[in-house]
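> Pasting a structure below so you can have a look.
2 protein chains.
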Amino acid sequence: MTQHRPTDLRRPLTLRDVSEACGVSEMTVSRVLRNRADVSPATREKVLAAARSLGYVPNKIAGALASQQVNLVAVIVPSLSNLVFPEVLSGISAGLEDTGLQPVFGVTNYSPEREEAVLYEMLSWRPSGVIMAGLEHTPAARAMLESAGIPVVEIMDTDGEAIDSVVGISHRAAGRQMAEAILAAGYRRIGFLGTKMPDDHRARKRMEGLLEGLEAHGLGLAETEFYQGGSALLKGREMTKAILERRPDLDFLYFSNDMIGAGGLLYCIEQGFDIPAGLGLAGFNGLDFLDGLPMRLATIDACRREIGEKAAAIIAGRGADGLVGGVFVELTPRLEPGDTIRRR
Amino acid sequence: MTQHRPTDLRRPLTLRDVSEACGVSEMTVSRVLRNRADVSPATREKVLAAARSLGYVPNKIAGALASQQVNLVAVIVPSLSNLVFPEVLSGISAGLEDTGLQPVFGVTNYSPEREEAVLYEMLSWRPSGVIMAGLEHTPAARAMLESAGIPVVEIMDTDGEAIDSVVGISHRAAGRQMAEAILAAGYRRIGFLGTKMPDDHRARKRMEGLLEGLEAHGLGLAETEFYQGGSALLKGREMTKAILERRPDLDFLYFSNDMIGAGGLLYCIEQGFDIPAGLGLAGFNGLDFLDGLPMRLATIDACRREIGEKAAAIIAGRGADGLVGGVFVELTPRLEPGDTIRRR
DNA sequence: CTGAAAGCGCTAACAT
DNA sequence: ATGTTAGCGCTTTCAG
Chain A
38 MTQHRPTDLR RPLTLRDVSE ACGVSEMTVS RVLRNRADVS PATREKVLAA
88 ARSLGYVPNK IAGALASQQV NLVAVIVPSL SNLVFPEVLS GISAGLEDTG
138 LQPVFGVTNY SPEREEAVLY EMLSWRPSGV IMAGLEHTPA ARAMLESAGI
188 PVVEIMDTDG EAIDSVVGIS HRAAGRQMAE AILAAGYRRI GFLGTKMPDD
238 HRARKRMEGL LEGLEAHGLG LAETEFYQGG SALLKGREMT KAILERRPDL
288 DFLYFSNDMI GAGGLLYCIE QGFDIPAGLG LAGFNGLDFL DGLPMRLATI
338 DACRREIGEK AAAIIAGRGA DGLVGGVFVE LTPRLEPGDT IRRR
Chain B
38 MTQHRPTDLR RPLTLRDVSE ACGVSEMTVS RVLRNRADVS PATREKVLAA
88 ARSLGYVPNK IAGALASQQV NLVAVIVPSL SNLVFPEVLS GISAGLEDTG
138 LQPVFGVTNY SPEREEAVLY EMLSWRPSGV IMAGLEHTPA ARAMLESAGI
188 PVVEIMDTDG EAIDSVVGIS HRAAGRQMAE AILAAGYRRI GFLGTKMPDD
238 HRARKRMEGL LEGLEAHGLG LAETEFYQGG SALLKGREMT KAILERRPDL
288 DFLYFSNDMI GAGGLLYCIE QGFDIPAGLG LAGFNGLDFL DGLPMRLATI
338 DACRREIGEK AAAIIAGRGA DGLVGGVFVE LTPRLEPGDT IRRR
């Protein structure tokens, strides 16, 4: 580490500086900079020229305080390392494009306490809306959201009680749907592999849905295996090895996400398992990453981008037409059987 | 979509509300809420109880305007779908922990114009610092950063002229380092596979470095292949097929990132190529995802997390000790030969 | 179309 | 340890 060059820390420019530079009142300068129509073209040009040449950047803090309007949307997700959430965020970005609203992201690491802290921090900037992953929050977080007086959209999950609006899929139903597909294909001895994350409620609900689906046919899970941390692909491999050594009679492995599923798939291919005839596999999410694997892993698309776009639309819509009231959107995920569930 | 429940939009609470609720002056309430020491325990309790029961959330907009202090750090990256940037962000989050500073993320989609727009937007909130990926910016963006009067850290890349501080690796050197390793292992007919992204300067510099390294030994690239969009793993597969069909004599493939490298590796394994004896492969980034593949792809670690942490430390350090002046940190990436470069 | 006055909700600086 | 005053930089409102 070496020092190389000093930075000067001068006072940021204000409207007044621009006003003095072009001889127009602060008020009119403000009008020009907010693109308001009621300014003569001549004045407008003069002001813009001055602002540009000075390098003026408006102070939104002052603007927001005066106008009581903040064009920010707080977006709170559990993780960025999951590949799932970045796609949701990109959907939100796209949905907010040209609305004048700007997303601001916060990450909770699947901790309810951190979620509460991040939410508090973000609400203190008085955003125009909040988009949060999941329906499970601390009581304090719920209270803050309910009394914030702004639209709140809970995303990804529809199994639970909403605060305001919801856009997501039913993970429980996705689990059941997979159970149906597995049983319909004739598999009977089913193993479940997932993350050891008490606060990943969606993964839990998928597993519960799977169980419900199996139990409806008088079956249960033959075996389970959980992990935490590390490279998901590698963990998928290791868990698969472990579960199959413990229970060589299993004929289907359901992975709680595509990444560990891909690891399991690679392992099974290497070991020469007869897929899908002798052993079936499935994951969850519908990551396009699966397209490049030796076989297409069966999966259920989580509609990540669409969820982001719809959530953004709800927040944006509110501002526009003054619509008030929760909206409930449940998307229907598609099961993609790929090459790892046998067809009958 | 169905309407289900109305939301009430009431006025947010102010300090005055809390003040009236507990019979303590606004000023003292403010002191309590900012955890200042000069308040009696009794008053403190009274105020906290009132604030909690009302559900008061401070208005940071007003606070920031009054104190001229904003505890936000603007972080601008080209993409979130890359897996590389989420790790940097997580390093930044970690590095900012317990500093009182909060990261705020913006995404540019590798567009200089979008970068400029996002930067303008973020600077208008007067953050305490800026962390940006890369050294290439529009002239307007450079001007804004130079005159913002706040610490600026450009990350990931050290090959170019800095505005203020820099934390990164030399991608050109990484390319050269890989060239040396390839040549030392005895490979001679080298193909390059990368993205068709004029604005991904780091990928470009890696390729240039590779070329320099090869040319220093009187060699060049035998063949190149570029792609854009789609599933990187699948593209890696397809590009590898294409380049090897065109030039079956190639004995080494250098991929500009690990994801397409992994796709290429899977393809080559399936095709029965003799790796690494007959054909060598290498990627870039050091993603831990590689751990789960059938063979370990050679790669160079991009020090993503460490870069994030160091950048955060620089921003945080400035505030504390009033340090002024750019810091230059060049990390030395480690080459991990894995199983896909032959050892001599 | 342009300007002047008032004030957004909070905190710095100064009392007490 | 607590209260009072002034003002952060902008926009709203109202006058011209």
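Residue numbers (my numbering), protein chains in the order written: chain A, 38 to 381; chain B, 38 to 381. Every residue, glycine too, gets a C-beta built ideally from N, C-alpha and C.
1) Which residues bound the beta strand (DSSP E) around Met234 of chain B?
2) Distance check for Glu307 of chain A and Ala314 of chain A, CA to CA, integer angstroms please.
3) Give me the residue from A:Pro188, A:Tyr93, A:Ala131 and A:Met215 with the minimum Cα distance to Ser184 of chain B.
4) Looking at the structure shown, is Val69 of chain A part of a helix, part of a strand, or coil, going by DSSP?
5) Can you name the residues of chain A whose CB is closer than 9 Å to the CB of Asn409 of chain B?
6) Below 9 Å on C-beta distance, what does Glu307 of chain B contact in chain A?
7) Quick one: what does DSSP say Tyr264 of chain A is sitting in, helix, strand or coil?
8) What residues in the stretch 220–242 of chain A bring their beta carbon closer than 9 Å to a beta carbon of chain B?
9) Mind pulling the alpha helix (DSSP H) runs of 4 or more residues that sit fully within the stretch 71–108 of chain A?
10) How is Thr336 of chain A classed by DSSP in three states: helix, strand or coil?
11) My output table needs one value for Glu373 of chain B: the three-state DSSP class, helix, strand or coil.
12) Nearest to Thr377 of chain A by alpha carbon, out of A:Arg371, A:Ile344, A:Gly363 and A:Gly298?
13) So, with DSSP's three-state summary, where would you put Gln308 of chain B?
14) Decide if Ala339 of chain B is buried, meaning its Cβ has at least 16 other Cβ atoms within 10 Å, or exposed.
15) Would you mind working out which of A:Gln265, A:Phe122, A:Ile312 and A:Ser161 sits nearest Leu287 of chain A, comparing C-alpha positions?
16) Looking at C-beta atoms only, is the number of pairs between the stretch 46–61 of chain B and the stretch 218–233 of chain A that lie closer than 8 Å three or more?
17) Secondary structure at Leu46 of chain B, three-state DSSP: helix, strand or coil?
18) I'd like to confirm the pairing. Which residues does DSSP put opposite Asn322 of chain B in its beta bridges?
19) Among residues of its own chain, excluding the 5 on either side of Ser207 of chain A, which ones have a beta-carbon nearer than 7 Å to its beta-carbon?
20) For the ligand MG, is there a heavy atom less than 8 Å away from the beta-carbon of Gly137 of chain B?
21) Taking Val167 of chain B as the reference, give the member of B:Pro140, B:Phe365, B:Glu217 and B:Gly205 with the closest Cα.
22) Taking only runs that begin and end inside the stretch 124–195 of chain B, name each unbroken alpha helix (DSSP H) of 4 or more residues, in chain order.
23) Under 9 Å between C-beta atoms, does Asp196 of chain A make it to chain B?
24) Count the other CB atoms, across all protein chains shown, that sit within 10 Å of the CB of Ala87 of chain B; report buried if there are 16 or more and exposed otherwise.
25) Are Val204 of chain A and Ile337 of chain A close, meaning C-beta to C-beta below 9 Å?
26) Quick check on Gly128 of chain A - is its C-beta less than 9 Å from some C-beta in chain B?
27) Does any residue of chain B bring its CB to less than 9 Å from the CB of Gln139 of chain A?
28) Say whether the stretch 120–136 of chain B touches the stretch 107–122 of chain A, bearing in mind that this needs 3 or more beta-carbon pairs closer than 8 Å, one atom from each stretch.
29) Considering just the uninterrupted stretch of the alpha helix (DSSP H) at Leu52 of chain A, what are its terminal residues?
30) Please look up how many angstroms separate the CB atoms of Gly317 of chain B and Ala222 of chain B, rounded, as I've assumed it's under 8 Å.
31) CB-CB under 6 Å to Ala101 of chain B, same chain, minus the five flanking residues each way: which ones, in chain order?
32) Report all residues from its chain with a CB closer than 6 Å to the CB of Val66 of chain A; omit the five preceding and five following residues, and keep chain order.
33) Which bits of chain A does Phe142 of chain B rub up against, with CB to CB less than 8 Å?
34) So that I know if they touch, is there some Cβ in chain B lying closer than 9 Å to that of Phe150 of chain A?
35) Considering only DSSP beta bridges, list what Leu290 of chain B is partnered with.
Checking against the coordinates, here is how it stands:
1) By one-based count along the second sequence, residue 234 of chain B stands at place 197. Premise fails: Met234 of chain B is in no beta strand (DSSP E) and is neither H nor E.
2) Taking the first residue of the first sequence as 1, we reach residue 314 of chain A at position 277. Taking the first residue of the first sequence as 1, we reach residue 307 of chain A at position 270. About 16 Å.
3) Looking up residue 184 of chain B in the second sequence gives position 147. Considering only alpha carbons, the answer is A:Tyr93.
4) Counting from 1 along the first sequence, the entry for residue 69 of chain A is found at position 32. Helix, per DSSP.
5) In this structure chain B extends from 38 to 381, so residue 409 of chain B is not present and cannot be described.
6) Counting from 1 along the second sequence, the entry for residue 307 of chain B is found at position 270. Correct list: Pro331.
7) Counted from its first residue, the first sequence places residue 264 of chain A at position 227. Residue state, collapsed to three classes: strand.
8) none
9) 78–91 and 97–104
10) As a first step, residue 336 of chain A is located in the first sequence; it is residue number 299 there, counting from the start. Three-state DSSP puts Thr336 of chain A in a strand.
11) Position 336 of the second sequence, counted from the first residue, corresponds to residue 373 of chain B. Glu373 of chain B falls in the strand class under three-state DSSP.
12) In the first sequence, the residue the question calls residue 377 of chain A occupies position 340. Out of A:Arg371, A:Ile344, A:Gly363 and A:Gly298, A:Gly298 has the C-alpha closest to the C-alpha of Thr377 of chain A.
13) Indexing the second sequence from 1 puts residue 308 of chain B at position 271. Correct three-state label for Gln308 of chain B: coil.
14) One-based indexing of the second sequence puts residue 339 of chain B at position 302. Ala339 of chain B comes out buried.
15) Against the first sequence, residue 287 of chain A aligns to sequence position 250. Measuring from the Cα of Leu287 of chain A, the nearest candidate turns out to be A:Ile312.
16) no
17) Here residue 46 of chain B corresponds to residue number 9 of the second sequence, with the count starting at 1. Here the model assigns Leu46 of chain B a pLDDT of 46, short of 50, so the residue's position is not dependable and the matter cannot be decided.
18) As a first step, residue 322 of chain B must be located in the second sequence, where it is residue number 285. Its beta-bridge partners are B:Asp338.
19) Working through the first sequence from its first residue, we reach residue 207 of chain A at position 170. Here the set comprises Thr195, Asp196 and Glu367.
20) The model depicted lacks the ligand MG and carries no ligand whatsoever.
21) Along the second sequence, read from residue 1 onward, the residue named residue 167 of chain B stands at position 130. The shortest C-alpha separation from Val167 of chain B is found at B:Pro140.
22) DSSP runs (the alpha helix (DSSP H)) wholly in the stretch 124–195 of chain B: 149–160 and 176–184.
23) The count along the first sequence starts at 1 and reaches residue 196 of chain A at position 159. It does not; no Cβ of chain B falls within 9 Å.
24) Here residue 87 of chain B refers to the residue found at position 50 of the second sequence. Ala87 of chain B comes out buried.
25) For this step, residue 204 of chain A is matched to residue 167 along the first sequence. For this step, residue 337 of chain A is matched to residue 300 along the first sequence. Not a contact, by the Cβ cut-off of 9 Å.
26) In the first sequence, counting from the first residue as 1, residue 128 of chain A sits at position 91. False, the Cβ-Cβ gap to chain B never drops below 9 Å.
27) Mapped onto the first sequence, residue 139 of chain A falls at position 102. Interface residue, yes.
28) yes
29) Looking up residue 52 of chain A in the first sequence gives position 15. Leu52 to Cys59 is the span of the alpha helix (DSSP H), which, as asked, contains Leu52 of chain A.
30) The residue given as residue 317 of chain B occupies position 280 in the second sequence. The residue given as residue 222 of chain B occupies position 185 in the second sequence. Right, their Cβ atoms sit about 6 Å apart.
31) For this step, residue 101 of chain B is matched to residue 64 along the second sequence. Answer for Ala101 of chain B: Val107, listed in chain order.
32) Within the first sequence, numbered from 1, the residue matching residue 66 of chain A stands at position 29. Cβ within range, chain order: Leu52, Val55, Ser56 and Val84.
33) Looking up residue 142 of chain B in the second sequence gives position 105. Per Cβ cutoff of 8 Å: Val141 and Phe142.
34) Along the first sequence, one-based indexing puts residue 150 of chain A at 113. Phe is not the amino acid found at residue 150 of chain A; the sequence shown has Glu there. It does not: the Cβ of Glu150 of chain A has no partner Cβ on chain B nearer than 9 Å.
35) Start at 1 with the first residue of the second sequence, and residue 290 of chain B comes out as number 253. For Leu290 of chain B, which the question treats as bridged, DSSP gives the partners B:Gly228 and B:Leu318.
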